[in-house]
Amino acid sequence: MHATIQKPIDEIVSFIRPGEKVFVVGCNNCAWKCHSGGEEETAAMADRLKKRGVEVVGHTVPGPQGMSLCKLDHTRKVLQEDYGEQVAGADSFLVLGCGQGVHTVIDATDGGMVHPGCDTIFGGETVSESDIEEYCSLCGECVIEYTGGLCPMTLCSKQLLNGPCGGAERGMCEVDKERPCGWVLIYERLQKLGRLELLDPFQKPKNHAKWSRPRTLKVSPHEATFCSQAGKVTVSNRD
Amino acid sequence: MKITKLFDKGKFVVTGEVGPIKGAVSRDWRVSPSCAQEAWHLQDHVHAVNVTDNQSAVMRLGSLAASVGLKQRGIEPIYQLTCRDRNRIALQSDLLTAYSLGIDNVLLLTGDHIQLGDHKEAKPVFDLDSVQLLAMARGLSQGHDITGNAIENPPDMAYGAVVNPNFVPLDLQLLKMRKKIDAGAEFFQSQAVYDDRVVDEFVEKATGFGRPVQMGVVVLKSPQMGAFMNNNVSGITVPDEWIDEIGSVDKSDRKKKAAEMMGRFIKKHKDKFQGVHIMPLGWTDIVPSILEKAEIDTTA
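If you're matching them up, the sequences are chains U and S in order. Take the first sequence: its letter number 142 is residue 207 in this note's numbering, and every next letter is one higher. Take the second sequence: its letter number 48 is residue 1469 in this note's numbering, and every next letter is one higher.
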């Protein structure tokens, strides 16, 4: 999921010009889980803006709970058909979702003016209703086979691939003494699994071209093509 | 001169350390930066002097400029190069530049994280880790860059690395040390140690790794510094008895006391190592006294 956190209300209000008619769009998946743009927060945002003198022409969270704003065909249908009249009267769209959701609204409104209502902070695991934690950096070249599934690109502050730096103390990271050293976590996990030999081989430097921006993925039922500055890679999901 | 030649001859190698100034070197050649003045205290007493690379992630004069400055003044520098601020292009280019400017010794490190320094909003680079950096440096020596392209006149420098005996679990740190050796580390300098048990456990486990190791010591100047290091300096633990002992004398006697304490500790453990790396943190003037008390004669 894409973790998001709402921008401060004063910052959001500062985006909106006097007299601008705003339509508020939330996301019923990730932003709902983050309480940054679900149904309740979207309705509340409409009220908060009105209270501050902003003209809000409508608001919606496309789809039922679990439906992502970034599913373009659905969002387009909701905005252009179900809310067609209000959307037609809007000068801009305040999006309570991640950056992908903001772009989805641009596409769904054929190039409408958008304002981000949230900061998109990371891709995370929903550990509990109140805790979202980051375990993957979306680097495009997964290295966690040799680390017991724990990502050093994410859990190590320096993104080291061949073991820890010398900075950890009592198992805690030199950057944040409240957070365990990622490499100590990896080591302890592999020790428990009896697989420490996985750490022995030299790990070559990352291919950062796979972490280039922007990247695309073209998918079909039996094949996917990942396109980055490292080139195109096509993989079949059948023998 | 490569310090590996000294290790090869069986010499007990003594190195000191200076930190480049926060500022530029004066165009007036009569005005020496304070780091050069610190280094002069070390001249004739140590075999080489480490020059730190924006240590603790605090922005300063470049380690290469300061290293070249020492070399021009007849002091053998060990140029420290970290992964924190440079991608693989800059790291290789700086290694070629270092050799071209007369540098013979390089210490290759990961580098303290930016969050420990004075530019906390900077982008951390860490394109390579220290093991990958060592392998890349060896590749340059062998005549090719990291992509395999041939280079002209390959550099010929001694490449060192660091290891932290204080790390828990130690076996994980030693796994990295072994990887550094496989990647081309020719000598090691340890992080500062103060604890006899830490020294002995490390020596017992690292014996047989087949690379010379210099024991690292940081001169403890005051009880406040000990407490500060315990709270703020990554990877170093100063035991209470050290803090109590340096605090047992007046400020005016602390240099003398520090020299006595450091000398005593080095003397106790020197036979377990192939050298010592003294980090005086500005008190370079007491290094001769430390060595005297440790009964180390670098002129021999």
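We put the beta carbon where it would ideally sit given N, CA and C, even for glycine. Values in this document were obtained by computation on a predicted structure and should not be read as measured data.
Cβ distance (whole Å) where residue i is taken to contact residue j below 8 Å
i: residue 1586 of chain S; j: residue 223 of chain U; result: So it is not a contact: roughly 20 Å between Cβ atoms.
i: residue 1638 of chain S; j: residue 1578 of chain S; result: The Cβ separation is near 25 Å, so there is no contact.
i: residue 219 of chain U; j: residue 199 of chain U; result: 6 Å
i: residue 125 of chain U; j: residue 90 of chain U; result: 6 Å
Residue i versus residue j - alpha carbon distance
i: residue 1662 of chain S; j: residue 229 of chain U; result: 29 Å
i: residue 173 of chain U; j: residue 1507 of chain S; result: 41 Å
i: residue 99 of chain U; j: residue 110 of chain U; result: 15 Å
i: residue 250 of chain U; j: residue 241 of chain U; result: 15 Å
i: residue 1473 of chain S; j: residue 1439 of chain S; result: 7 Å
i: residue 1676 of chain S; j: residue 1570 of chain S; result: 52 Å
i: residue 1564 of chain S; j: residue 1489 of chain S; result: 24 Å
i: residue 1683 of chain S; j: residue 1711 of chain S; result: 6 Å
i: residue 129 of chain U; j: residue 237 of chain U; result: 42 Å
i: residue 150 of chain U; j: residue 68 of chain U; result: 31 Å
i: residue 233 of chain U; j: residue 205 of chain U; result: 27 Å
i: residue 86 of chain U; j: residue 121 of chain U; result: 6 Å
i: residue 127 of chain U; j: residue 171 of chain U; result: 15 Å
i: residue 183 of chain U; j: residue 104 of chain U; result: 15 Å
i: residue 1584 of chain S; j: residue 1547 of chain S; result: 18 Å
i: residue 1502 of chain S; j: residue 1529 of chain S; result: 5 Å
i: residue 1628 of chain S; j: residue 1694 of chain S; result: 9 Å
i: residue 1786 of chain S; j: residue 1456 of chain S; result: A question about residue 1786 of chain S goes unanswered here, because the residues of chain S that appear run from 1422 up to 1721.
i: residue 252 of chain U; j: residue 208 of chain U; result: 15 Å
i: residue 141 of chain U; j: residue 196 of chain U; result: 31 Å
i: residue 1687 of chain S; j: residue 1713 of chain S; result: 11 Å
i: residue 254 of chain U; j: residue 1591 of chain S; result: 16 Å
i: residue 293 of chain U; j: residue 1651 of chain S; result: 45 Å
Buried or exposed (CB count within 10 angstroms, at least 16 for buried), residue i
i: residue 1422 of chain S; result: exposed
i: residue 203 of chain U; result: exposed
i: residue 153 of chain U; result: exposed
i: residue 1458 of chain S; result: exposed
i: residue 1425 of chain S; result: buried
i: residue 299 of chain U; result: exposed
i: residue 1452 of chain S; result: exposed
i: residue 1497 of chain S; result: buried
i: residue 97 of chain U; result: buried
i: residue 81 of chain U; result: buried
i: residue 1450 of chain S; result: exposed
i: residue 93 of chain U; result: buried
i: residue 1525 of chain S; result: buried
i: residue 1568 of chain S; result: exposed
i: residue 1510 of chain S; result: exposed
i: residue 263 of chain U; result: exposed
i: residue 1705 of chain S; result: buried
i: residue 1532 of chain S; result: buried
Among the options, nearest to residue i - alpha-carbon criterion
i: residue 155 of chain U; options: U:164, U:145, U:162 and U:161; result: U:145
i: residue 73 of chain U; options: U:114, U:82 and U:94; result: U:114
i: residue 247 of chain U; options: U:157, U:216 and U:159; result: U:216
i: residue 1611 of chain S; options: S:1696, S:1466, S:1646 and S:1671; result: S:1696
i: residue 177 of chain U; options: U:68, U:266, U:168 and U:128; result: U:168
i: residue 181 of chain U; options: U:96, U:77, U:236 and U:256; result: U:77
i: residue 1666 of chain S; options: S:1655, S:1680 and S:1656; result: S:1680
i: residue 1624 of chain S; options: S:1645, S:1595, S:1430 and S:1556; result: S:1595
i: residue 258 of chain U; options: U:212, U:141, U:196 and U:95; result: U:212
i: residue 165 of chain U; options: U:104, U:136, U:141 and U:193; result: U:136
i: residue 1480 of chain S; options: S:1538, S:1552 and S:1678; result: S:1538
i: residue 1469 of chain S; options: S:1462, S:1636, S:1547 and S:1499; result: S:1499
i: residue 1708 of chain S; options: S:1628, S:1581, S:1460 and S:1444; result: S:1460
i: residue 1716 of chain S; options: S:1627, S:1466, S:1653 and S:1561; result: S:1466
i: residue 1641 of chain S; options: S:1583, S:1685 and S:1606; result: S:1685
i: residue 1572 of chain S; options: S:1581, S:1583 and S:1557; result: S:1557
i: residue 1471 of chain S; options: S:1482, S:1491 and S:1615; result: S:1491
i: residue 1536 of chain S; options: S:1654, S:1631, S:1671 and S:1441; result: S:1654
i: residue 1613 of chain S; options: S:1635, S:1592 and S:1599; result: S:1635
i: residue 1598 of chain S; options: U:291, U:301, U:158 and U:266; result: U:266
i: residue 1622 of chain S; options: S:1588, S:1602, S:1604 and S:1606; result: S:1588
i: residue 1580 of chain S; options: S:1566, S:1495 and S:1561; result: S:1561
i: residue 1476 of chain S; options: S:1632, S:1671 and S:1504; result: S:1504
i: residue 1644 of chain S; options: S:1448, S:1495, S:1664 and S:1485; result: S:1664
i: residue 75 of chain U; options: U:239, U:116, U:162 and U:302; result: U:116
i: residue 1660 of chain S; options: S:1673, S:1670, S:1671 and S:1646; result: S:1646
Item to check | Contained alpha helix (DSSP H) runs [length at least 4] in the stretch 1594-1678 of chain S, N- to C-terminal order | outcome: 1617-1627, 1644-1653 and 1661-1668
Item to check | Length-filtered (4 minimum) alpha helix (DSSP H) runs lying within the stretch 235-274 of chain U | outcome: 247-258
Checklist entry - In chain order, which continuous runs of the alpha helix (DSSP H) of length 4 or greater are located wholly inside the stretch 1524-1601 of chain S? => result 1551-1562
Item to check | Whole runs of the beta strand (DSSP E) within the stretch 1461-1499 of chain S, excluding any shorter than 3 residues | outcome: 1469-1472
Checklist entry - Which ranges would you report for the alpha helix (DSSP H) in the stretch 96-159 of chain U if only whole runs of at least 4 residues count? => result 104-116, 137-142 and 149-153
Checklist entry - Which whole runs of the beta strand (DSSP E) in the stretch 189-237 of chain U are 3 residues long or more, in chain order? => result 196-199
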